[in-house]
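Residues 0 to 288 in numbering that gives the first Met the number 0 are what the sequence shown spells out, letter by letter.
All C-beta atoms, glycine included, are put in the ideal place defined by N, C-alpha and C.
Below is one structure, written out as C-alpha cells; the observations come after it.
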Amino acid sequence: MAVLNRLFFRCTRAAASTPAFCTKSSLNDLHTAPSSATAALSSALPIDGSKGKGRNVQWVFLGCPGVGKGTYAARLSNLLGVPHIATGDLVRHELSSHGPLSSQLSEIVNQGKLISDEIIIDLLSKRLEDARAKGETGFILDGFPRTLRQAEILEGVTDIDLAINLKLREEALIAKCLGRRLCSECGGNYNVACIDIEGEDGNPRMYMPPLLPPPQCESKLITRSDDTEEVVKKRLQVYNEMSQPVEEFYRSRGKLLEFDLPGGIPESWPKLLQALNLDDHEDKKTAAA
Ligand SMILES: [Zn+2]
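Structure below.
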C-alpha cells in the first residue's frame with residue numbers, strides 16, 4: 000500500500016508538466032454522460048490553470064468478461080498515449096517471467112482460487128512504478144477494481160476521473176463468449192459467432208460479424224473448456240453480483256459512465272469517442288487521405 004501511495008503522490012506532483020489528452024474544445028458539449036460525470040472528466044483537465052497542460056487521464060474500465068473491455072481500453076490508451084494496464088496481463092507476465100510472486104500465484108491459479116486484493120495491488124503498484132520510470136503518466140485500468148474493496152483502496156490513493164462501464168445485451172454477450180476460439184498453434188484469438196439480433200423494445204438491430212481465422216489456423220482451432228453455456232452464464236452471474244457495488248461506488252461519486260455497446264467495433268468505437276468527448280485524429284487523417 001505504501002508503495003502505491005508514494006507512487007500516486009509522485010504522479011500527481013509530476014503531472015503539471017505533461018500535456019493534456021486531446022479533447023474537443025469544451026467539455027460542456029458532453030451530451031451523453033450525466034452532468035456529474037462531466038465534472039469527473041473535467042478533473043482530468045489542467046490542474047495548474049494553464050491551458051494545454053495537465054495530467055493524463057486516470058480511467059478504469061468496468062464490464063463483464065467477454066464484453067470487449069480489453070479491445071476498447073487498448074484503443075483508448077493508444078489514442079490518449081497512456082498505458083493500458085490489464086491485471087490479467089500482469090498476472091500472466093508475473094507467472095511467465097518467474098517474478099517474486101510467481102510460485103504463490105501459480106498455486107492459486109492451479110487451485111482455481113481467486114487472487115487476493117493484496118497480490119493484485121502489489122502487481123499493479125509494480126507496473127505503475129515501471130510506468131513512472133519510463134516517463135509514462137496516467138493510465139487506463141482494465142480488470143481493476145474488481146471488488147468494492149479494491150475500488151475503495153484505489154480511491155484512497157489517487158483520483159480516478161472516470162469509470163467506463165461497458166455493457167452489451169446479454170444474448171449477444173453469451174453468443175460472443177460461446178463463439179470464442181483459440182488457435183492451438185499460434186495462440187491467435189478468433190470468434191466464429193455471427194451475431195444478428197432483431198431490435199425489440201426500441202433497441203436497434205445488432206449485428207456483429209464473426210472474426211474468422213486465416214486459412215492456416217482453421218484446422219487448429221480449439222474452444223476453451225470453460226466456454227460452455229452453463230459456465231458462461233454462471234460467470235456472468237458472479238460478475239454481476241460482484242460488480243454492482245463497484246458500479247454503485249462510482250455512480251454515487253458521479254464518476255460512472257454507462258455505455259451500451261451498439262454492436263461491433265465499427266459502430267461502437269465512434270459512439271464511445273463521442274460519449275467521452277474525444278476526437279480520433281488518426282481516423283480522420285486516414286479518412287481524409
Ligand atoms: Zn494459428
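Under 8 Å between C-beta atoms of residue i and residue j
{"i": "residue 120", "j": "residue 152", "result": "yes"}
{"i": "residue 223", "j": "residue 181", "result": "yes"}
{"i": "residue 161", "j": "residue 66", "result": "no"}
{"i": "residue 293", "j": "residue 81", "result": "Not covered by the structure: residue 293. The range shown for the chain is 0 to 288."}
{"i": "residue 235", "j": "residue 63", "result": "yes"}
{"i": "residue 244", "j": "residue 104", "result": "no"}
{"i": "residue 79", "j": "residue 279", "result": "no"}
{"i": "residue 196", "j": "residue 168", "result": "yes"}
Residues of its chain near residue i, where Cβ-Cβ distance is below 7 Å and the 5 sequence neighbours each way are ignored
{"i": "residue 231", "result": "173, 176 and 177"}
{"i": "residue 258", "result": "163, 164, 165, 166, 271 and 274"}
{"i": "residue 185", "result": "216"}
{"i": "residue 208", "result": "193 and 263"}
{"i": "residue 267", "result": "260 and 261"}
{"i": "residue 68", "result": "60, 62, 141 and 165"}
{"i": "residue 126", "result": "84 and 89"}
Proximal residues to residue i (C-beta, below 8 Å), its chain only, five neighbours per side dropped
{"i": "residue 305", "result": "Outside the shown range of the chain (0 to 288) lies residue 305, about which nothing can therefore be said."}
{"i": "residue 122", "result": "86, 89, 90, 93 and 100"}
{"i": "residue 203", "result": "261"}
{"i": "residue 246", "result": "61, 162, 164 and 255"}
{"i": "residue 98", "result": "92"}
{"i": "residue 198", "result": "204 and 205"}
{"i": "residue 114", "result": "90, 104, 107 and 108"}
Per-residue DSSP class, three states only, for residue i
{"i": "residue 259", "result": "strand"}
{"i": "residue 114", "result": "coil"}
{"i": "residue 83", "result": "strand"}
{"i": "residue 59", "result": "strand"}
{"i": "residue 272", "result": "helix"}
{"i": "residue 277", "result": "coil"}
{"i": "residue 235", "result": "helix"}
{"i": "residue 75", "result": "helix"}
{"i": "residue 127", "result": "helix"}
{"i": "residue 210", "result": "strand"}
{"i": "residue 122", "result": "helix"}
{"i": "residue 140", "result": "strand"}
{"i": "residue 42", "result": "Residue placement at residue 42 is poorly supported in this model, since its pLDDT is 35, which falls under 50; the coordinates still yield a value, given next. Coil, per DSSP."}
{"i": "residue 100", "result": "coil"}
Identity of the residue in the options nearest residue i by Cα
{"i": "residue 262", "options": "179, 86, 171 and 277", "result": "171"}
{"i": "residue 109", "options": "138, 94 and 253", "result": "94"}
{"i": "residue 138", "options": "76, 97 and 156", "result": "76"}
{"i": "residue 216", "options": "187, 197, 69 and 250", "result": "187"}
{"i": "residue 238", "options": "57, 154 and 143", "result": "143"}
{"i": "residue 242", "options": "205, 252 and 149", "result": "149"}
{"i": "residue 190", "options": "131, 111, 226 and 269", "result": "226"}
{"i": "residue 211", "options": "278, 96, 131 and 193", "result": "193"}
{"i": "residue 183", "options": "218, 200 and 250", "result": "218"}
{"i": "residue 117", "options": "70, 269, 145 and 74", "result": "145"}
{"i": "residue 248", "options": "154, 115 and 96", "result": "154"}
{"i": "residue 55", "options": "114, 200, 96 and 157", "result": "157"}
Contacts around residue i, its chain only, beta-carbon distance under 6 Å, and the 5 residues preceding and following it disregarded
{"i": "residue 59", "result": "140, 159 and 162"}
{"i": "residue 49", "result": "Here the model assigns residue 49 a pLDDT of 29, short of 50, so the residue's position is not dependable and the matter cannot be decided."}
{"i": "residue 130", "result": "82"}
{"i": "residue 18", "result": "Any reading at residue 18 is ruled out, since the residue's pLDDT is 37, under 50, leaving its predicted position unreliable."}
{"i": "residue 72", "result": "60, 83, 139 and 141"}
heavy atom of ligand 2 below 7 Å from residue i C-beta
{"i": "residue 112", "result": "Ligands displayed in this structure: ligand 1; ligand 2 is not among them."}
Below-8 Å beta-carbon distance, residue i vs any chain E residue
{"i": "residue 92", "result": "Absence of chain E from the displayed structure is noted, only one protein chain being present."}
Problem - Length-filtered (4 minimum) alpha helix (DSSP H) runs lying within the segment 142-200 - result: Whole alpha helix (DSSP H) segments, 4+ residues: 147-156 and 169-177.
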